[in-house]
Ligand code: BMA
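In this note's numbering, the protein residues as written are 1062 to 1405.
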């Protein structure tokens, strides 16, 4: 039998650092704020408009169980939300049959080359959830490109610039063998290929075993693309959605440079622990303060509300330096321990 490996966990500190700070006004948006009847609001894409207004493109679920998207705007990104009086983007199954059971979980990327926002979202088709893409300049009119990744696929965002001449899309196809993050490339945002596995769900007892997915769009830093991803743990009392952190190479985004072992944010507050779906934190968007370091992360809480947490990009990178390891090294270590176990 092999000796227990104490190097797997850090023994230097008696507590985990708080990298994300919840806003005291949480939850910042709930059904009570809505100008029309609906069941719940959660999982919002986020961006800053040219005048500094924060725009959230919220997933709103009605009492049939079907979702649409609705824009909310605020000067300070915290309160005073001006919410569209009616749905901003409704499913349109007549022209886009893949939207028959609603549209969900938008991510927004501003693309300087196009001078437009690209919104990727889940379109819930009869064949399962797929990925759709639409372009907008103002979040009032949208140019739909239709379904770009067939079911079962979701948790998508576009990188804001081309990589070696191609657009890059992160997504999460689901297979019987697990749900891992992939990246695909396209010359025109319509036709996608050169698919690469980007980040694998771990196995066994890990918090991010079997099912992971991209959370908000990647954050471009001088060190690489900083990625928040969610891990889903199945427990006898339901799923637990938590957040982890990884860093990817700027020019080869399928290459993982660092991945943290522990989750960095999970359901703790009452509004995260109890709702339509208990124990869910699910960010789909962020905005960056003018200091270029403070991140405002907007997340769905328990599929019932939108909440805000703040983080420092510098601290997140420092944490990854101290706690992250390179995927390839991790795999080599897994292999080494599997081989030594087999020899015992
Ligand atoms: C995921 C997505 C999210 C949702 C979460 C928890 O699969 O569908 O929209 O918030 O489950 O229900």
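Glycine is no exception: its CB is placed at the ideal position from the N, C-alpha and C atoms.
(request) Any chance you could list the alpha helix (DSSP H) runs of at least 4 consecutive residues sitting entirely within the region 1117-1204, in chain order? (result) none
(message) Just checking: is the beta-carbon of residue 1243 within a distance shorter than 8 Å of some beta-carbon in chain D?
(response) The structure shown contains no chain D; it holds only a single protein chain.
(request) Please work out which residues of its chain come closer than 6 Å, Cβ to Cβ, to residue 1246, disregarding the five sequence neighbours upstream and downstream, and give them in chain order. (result) 1227, 1229, 1255
(message) For residue 1202 and residue 1265, I'd like the C-alpha separation in whole angstroms.
(response) 45 Å
(message) Please return the same chain residues whose Cβ sits closer than 8 Å to the Cβ of residue 1114, not counting the five positions on each side in sequence.
(response) 1134, 1135, 1136
(request) Consult DSSP for residue 1370 and reduce its assignment to one of helix, strand or coil. (result) strand
(request) For residue 1272, write down the residues that DSSP places opposite it in a beta bridge. (result) 1240
(request) Quickly, what does DSSP pair residue 1115 with across the bridge? List them, please. (result) 1109, 1135
(request) Give the straight-line distance between the Cα atoms of residue 1068 and residue 1235, rounded to the nearest whole angstrom. (result) Here residue 1068 scores only 47 on pLDDT, less than 50, and its place in the model is too uncertain to base an answer on.
(message) Which residue marks the beginning of the beta strand (DSSP E) containing residue 1359, and which one marks its end?
(response) 1355-1362
(message) Could you tell me which whole alpha helix (DSSP H) segments of length 4 or greater appear in the region 1307-1349?
(response) 1331-1334
(message) Between the alpha carbons of residue 1346 and residue 1360, how many angstroms are there, rounded?
(response) 7 Å
(message) What does DSSP give as the partner residue(s) for residue 1295 in the beta ladder?
(response) 1300
(message) Can you tell me whether residue 1123 sits near the ligand BMA, meaning its C-beta is under 7 Å from at least one heavy atom of the ligand?
(response) no
(request) Measure the CB-CB distance between residue 1285 and residue 1318 and report whether it falls below 8 Å. (result) yes
(request) Give the range of the beta strand (DSSP E) segment to which residue 1254 is assigned. (result) 1254-1260
(message) Buried or exposed for residue 1363, going by 16 or more other Cβ atoms inside 10 Å?
(response) buried
(request) Starting from residue 1217, follow the beta strand (DSSP E) in both directions and report where the run begins and ends. (result) 1214-1219
(message) So the candidates are 1316, 1128, 1110; which of them puts its Cα closest to the Cα of residue 1183?
(response) 1128
(request) Can you tell me the Cβ-Cβ gap for residue 1217 and residue 1192, rounded? I've got them flagged as a contact below 8 Å. (result) 5 Å
(message) Looking at residue 1371: is its Cβ nearer than 8 Å to the Cβ of residue 1081?
(response) yes
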